[in-house]
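Chemist: Sequential numbering of the sequence shown, starting at 44, is according to the working numbering.
We treat Cβ as the ideally placed atom computed from N, Cα and C, and that holds for glycine.
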Amino acid sequence: MLHKFVNSLIFIFIISTAIGVYKEGHTSPLHGLSECSNEGDCGHGRCCVIGMHRYSVPSCASVGHLGDYCIGGGKGQNLTLSFPNGLSIRVVNTYTLFCPCDADQGLVCHRAQCVFRDDVALNNVF
44 MLHKFVNSLI FIFIISTAIG VYKEGHTSPL HGLSECSNEG DCGHGRCCVI
94 GMHRYSVPSC ASVGHLGDYC IGGGKGQNLT LSFPNGLSIR VVNTYTLFCP
144 CDADQGLVCH RAQCVFRDDV ALNNVF
């Protein structure tokens, strides 16, 4: 399980440094490094995430599916990210590491994994 988590972090890092252009063809204020600055840049079923490393670059990721890792209580944040070359970008409703679980599918984050909301309610009864 830890291996999957580490692989997810590595994947996010690689993607966040490799992306070049917004979906609609707009050039990023980070000269091709940022894929998103808000959730709307990513499309349905995706959100804008940043990593925890210094100078993390925002990228789009899929919402959490059943069994995916998540951060409980994670809420989108509005931040201004500054970079050593003097550039900065304002990000709106951006998440750290993982998108929230897919609420449209009835999923919630419980014990760092996306699970069905009804399963959590049953576990709390017993």
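Find the nearest neighbour of G117 within the set H96, L130, C91, V100, judged by alpha-carbon distance.
Modeler: By 1-based counting over the sequence shown, the position of residue 117 is 74. Ranking H96, L130, C91, V100 by Cα distance to G117 puts C91 first.
Chemist: Could you check whether the segment 77–96 touches the segment 142–151, counting it as contact only if at least three pairs of C-beta atoms, one from each stretch, sit closer than 8 Å?
Modeler: yes
Chemist: Name the two residues that bound the continuous beta strand (DSSP E) containing C103.
Modeler: Locating residue 103 in the sequence shown gives position 60, counting from the first residue. Element bounds for C103: 102–105.
Chemist: P101: buried (16+ other C-beta within 10 angstroms of its C-beta) or exposed?
Modeler: The residue you call residue 101 lines up with position 58 of the sequence shown. P101 is classed as buried because its beta carbon has at least 16 other beta carbons within 10 Å across all chains shown.
Chemist: By DSSP's criteria, S125 is part of a beta bridge. Which residues make up the other side?
Modeler: For the purposes of this step, residue 125 is identified with residue 82 of the sequence shown, where counting begins at 1. Answer by DSSP bridge pairing, in chain order: S131.
Chemist: What does the alpha-carbon distance come out to for the pair G94 and F159?
Modeler: Translated into the one-based positions of the sequence shown, residue 94 becomes position 51. Translated into the one-based positions of the sequence shown, residue 159 becomes position 116. Rounded to the nearest angstrom, the two C-alpha atoms are 26 Å apart.
Chemist: Do you know how far the Cα of N121 is from the Cα of V49?
Modeler: Taking the sequence shown and counting its residues from 1, one reaches residue 49 at position 6. Taking the sequence shown and counting its residues from 1, one reaches residue 121 at position 78. For V49, the predicted structure reports a pLDDT of 45, less than 50, and the residue's modelled location is therefore unreliable. A value from the coordinates is still provided. Going from the Cα of V49 to the Cα of N121 covers about 26 Å.
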